[in-house]
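Single-structure report; data block below.
Protein chains in written order, with the UniProt record's numbering: chain A, 1 to 246; chain B, 1 to 246.
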């Protein structure tokens, strides 16, 4: 038996997120079904990041165990033949049998993409959140800087899922301007439920002048179970990659 | 009566192109229908560029005549309320009654976008043509340079539509590399039927080593009614803008 790691890109538009659930089509389910057919074994992949409904990925990671004699690196090609065009395996390789994509230490990179102009551009509507009022990106970066480092992000998560600790480390959080695009690029050792979308919603409120950057350190110092900002819409969010540490 | 000019962006994915035709949904038809309802007049817009099925636009241009008392610049906002999300008016303004978007001298800019990497990225599949073999972009630019200037582009058009002259001027044709993206950006005083897609298909063949750049000047010197290269797929093409000359 060997363990195979897949790097997976998907357009989340039509999916109810990653994780299998009844009466809804999910990315995990589609891959399980096609892997099971391809390898003629019952396959259940274990994903690293359970992205929400509508969230996209360039490099989510999943593993599965198999007895197949197909060379590990060829599985990506064979599986892509069977997958719909909105899910594409980017690579497949063998990993140690004790490698677990959720428990292994990692650094995740997300991008939240905003289209900031007077009128929506239709060709950008599926992957960008549209904001027509001009954003003050300097203030957004000022607020973002407070979030970098190790903090209790209790006020930056939805309470739906209980976790032992709400302390996480953000390595970097950059507000990148590219013409009409504002990209929030965040790297961290892990993110709480809805954390990136709440950070995005909070920074957008700062950019709109609804919140002052100076509110951020106050919220971080006395975290309460009250969300500091709204969830920004799912379709603006993309999981860019996951780097696993040695 | 006044004449209104619209600048129109659309995602061409679901449309059978710009021009009205029986038994197919087109951009022109959708706008006519919603303008007619909005203004309570029979409106038939005249478009500048009749983009093909599946081609996108950031700035196509159309005009129509109306007796409405809605201020010209507000029509964009009112019309966008009624249009589907894949068609968005970017601006509306009054123009002289003799302004005709097809006969007025103009410079059009198109972009043909290619995703050049081993595996497709699903979030780019709708607006990029995917080529997995590595393109030699230096050779593509070398070939592109031969096309700049005034030439008889008879070998770079589909014969479906007859025109008096197949001489056109290309002001610039740049092969732009942005990571995995290769963007062919072309500006000209007018383009023959399928001309940009045939230029793209030809430059891709050059990039793949199927054709030498030196073939281009030979074709231009003795143009025949035989296409020099294939039509690249429609979904990679975007009409960026149309500038009208004084």
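By construction, the Cβ of each residue, glycine as well, lies at the ideal position given by its N, Cα and C atoms.
Take residue i as the anchor and find which of the options has the nearest alpha-carbon.
i, options, result
"residue 106 of chain B", "B/48, B/112, B/134, B/202", "B/48"
"residue 4 of chain B", "B/64, B/36, B/87", "B/64"
"residue 28 of chain A", "A/74, A/77, A/88", "A/88"
"residue 135 of chain A", "A/113, A/61, A/124", "A/113"
"residue 192 of chain B", "B/6, B/211, B/212, B/162", "B/162"
"residue 76 of chain B", "B/111, B/190, B/109, B/38", "B/38"
"residue 246 of chain B", "B/30, B/84, B/42, B/100", "B/100"
"residue 183 of chain A", "A/104, A/229, A/110", "A/110"
"residue 138 of chain A", "A/1, A/42, A/213, A/234", "A/213"
"residue 150 of chain B", "B/179, B/143, B/144, B/167", "B/167"
"residue 190 of chain A", "A/44, A/104, A/234, A/124", "A/104"
"residue 43 of chain B", "B/147, B/102, B/170, B/30", "B/30"
"residue 194 of chain A", "A/165, A/230, A/241", "A/230"
"residue 147 of chain B", "B/164, B/228, B/209, B/115", "B/228"
"residue 68 of chain A", "A/209, A/144, A/179, A/2", "A/2"
"residue 211 of chain B", "B/115, B/164, B/144", "B/144"
"residue 93 of chain A", "A/115, A/196, A/62, A/85", "A/62"
Taking 9 Å as the cut-off, decide whether the C-beta atoms of residue i and residue j are in contact.
i, j, result
"residue 155 of chain B", "residue 206 of chain B", "no"
"residue 223 of chain A", "residue 152 of chain A", "yes"
"residue 121 of chain B", "residue 132 of chain B", "no"
"residue 35 of chain A", "residue 79 of chain A", "yes"
"residue 66 of chain A", "residue 17 of chain A", "no"
"residue 57 of chain A", "residue 9 of chain A", "yes"
"residue 236 of chain A", "residue 129 of chain A", "yes"
"residue 159 of chain B", "residue 188 of chain B", "no"
"residue 45 of chain A", "residue 102 of chain A", "no"
What is the rounded straight-line gap between the Cα of residue i and the Cα of residue j?
i, j, result
"residue 186 of chain A", "residue 239 of chain A", "10 Å"
"residue 176 of chain A", "residue 201 of chain A", "16 Å"
"residue 157 of chain A", "residue 91 of chain A", "32 Å"
"residue 199 of chain A", "residue 172 of chain A", "13 Å"
"residue 33 of chain A", "residue 217 of chain A", "46 Å"
"residue 73 of chain B", "residue 220 of chain A", "45 Å"
"residue 127 of chain B", "residue 14 of chain B", "12 Å"
"residue 203 of chain B", "residue 140 of chain B", "5 Å"
"residue 117 of chain B", "residue 181 of chain B", "8 Å"
"residue 232 of chain B", "residue 60 of chain A", "31 Å"
"residue 26 of chain B", "residue 40 of chain A", "45 Å"
"residue 234 of chain B", "residue 124 of chain B", "14 Å"
"residue 19 of chain B", "residue 142 of chain B", "35 Å"
"residue 243 of chain A", "residue 95 of chain A", "14 Å"
"residue 108 of chain B", "residue 241 of chain B", "6 Å"
"residue 82 of chain B", "residue 70 of chain B", "15 Å"
"residue 270 of chain A", "residue 54 of chain A", "Since the first residue of chain A shown is 1 and the last is 246, residue 270 of chain A is not available in this structure."
"residue 7 of chain A", "residue 179 of chain A", "30 Å"
"residue 197 of chain B", "residue 165 of chain B", "19 Å"
"residue 215 of chain A", "residue 209 of chain A", "12 Å"
"residue 115 of chain B", "residue 22 of chain B", "34 Å"
In the structure shown, what three-state DSSP assignment does residue i receive?
i, result
"residue 133 of chain B", "coil"
"residue 2 of chain B", "strand"
"residue 108 of chain A", "strand"
Whole beta strand (DSSP E) elements within the UniProt domain "Pseudouridine synthase I TruA alpha/beta" (143-244) of chain B, 3-residue minimum
Whole beta strand (DSSP E) segments, 3+ residues: 149-152, 167-178, 181-188, 237-244.
Could you name each continuous alpha helix (DSSP H) segment of 4 residues or more that falls completely within the UniProt domain "Pseudouridine synthase I TruA alpha/beta" (8-103) of chain A, going from the start of the chain to the end?
For the UniProt domain "Pseudouridine synthase I TruA alpha/beta" (8-103) of chain A, the full-length alpha helix (DSSP H) segments reaching 4 residues or more read 27-39, 75-82 along the chain.
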